[in-house]
Amino acid sequence: MTDDLAPAARGRVERLLSLARTRDRYADYDVPAAEARLRARLSARARRTAPAVFVAWSPAWTEPAPGAAGTLGDPPAPGGRAAPDADRAWWDLTDMSLAVLRAPDAPRDLDRFIRDRCAGRTGARVFACLLHLADHGDGARFWWQFAAGAGDGTAEYCLFLDHSCRGEYHDAAFWCGELVRHGFVPDRVWGDRAAATAARRLPEPPVVHFSEHHDPDLGAIPLPEPPLVQDLRALAAAAP
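Numbering (my numbering), first residue to last: 2 to 241.
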């Protein structure tokens, strides 16, 4: 690169190049944790191409508590809380989303959410679960975060599972801590999982009518459209 320069200039350039250094080599970077996150994301992509048959992975919901059954210790989450296995977290999240959408008040909550211009944590949670089942993961996460910020425990649980199935263990540990702090127990809110989600089938991902608002800071935000309420009623009617 310096061959075409005058000798004096070439010398200065070579001295400057010799002083170049990488400022941060990330000596504390957790390579096993990064590999686990990549494996979880690849697994999630493979699941999206599988037939849309949703069955309960376990007879019980994953408990957001230290030492819960079915958790993995590698990689560990901060504070000693291990995140659930990515596959189990995905099944839990899918079954929880179905349970939310098939609740008797779900269409009413979603309709109110739309009419109130996206205000209300319960409607936000319902919309997020619809987005999850339709494979709009980023939009689902946005509205779960909205609902969780307003104090919705089920949305916090969905975020705990969402981060776990993506291999984002530090974020999963944060929501696990929030759930434990608030005393959230899935069985108390949604009942026994074995009875609620014994065999759930959808012929294909649901159609979700929504528009997108592009925020300069937050990016694309999905917004529900009125036909979505009828979509939800049709989904509930498809229950086995």
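Every residue, glycine too, gets a C-beta built ideally from N, C-alpha and C.
Given this structure, state the Cα-to-Cα distance separating V127 from Y158, to the nearest angstrom.
13 Å
Please state whether the Cβ-Cβ distance between F161 and L134 is less than 8 Å.
no
Between A174, D117, R116 and M97, which has its C-alpha nearest A129's C-alpha?
M97
Whole-angstrom distance between G192 and F185, CA atom to CA atom
13 Å
Please go through the same chain and pick out, in chain order, the residues whose beta-carbon is closer than 7 Å to the beta-carbon of G140, but skip the five residues on each side of it.
L132 and P223
Whole-angstrom distance between H210 and P108, CA atom to CA atom
14 Å
In three-state DSSP terms, what is E64?
coil
Identify the residues that DSSP records as bridge partners of L224: which are they?
S212
Secondary structure of L17, DSSP reduced to three states:
helix
State the Cα-Cα distance for the pair R103 and G220, rounded to the nearest angstrom.
30 Å
In this structure, how does DSSP classify L162 when only helix, strand and coil are distinguished?
helix
Is P108 helix, strand or coil by DSSP?
helix
How big is the Cα-Cα spacing for R182 and A90?
20 Å
P65 and C166 closer than 8 Å at C-beta:
no
From D136 to R142, what distance separates their C-alpha atoms?
11 Å
Contact set for T114: own chain, Cβ-Cβ below 6 Å, skip 5 residues either direction:
Per the sequence presented here, residue 114 reads as Phe, with Thr not at that position. Excluding sequence neighbours, F114 sits near G121 and G124.
Using a Cβ-Cβ cut-off of 8 Å (strictly less than) and excluding sequence neighbours within five positions of L233, which residues of its own chain qualify?
L102, A107, P108, L111, V127 and L131
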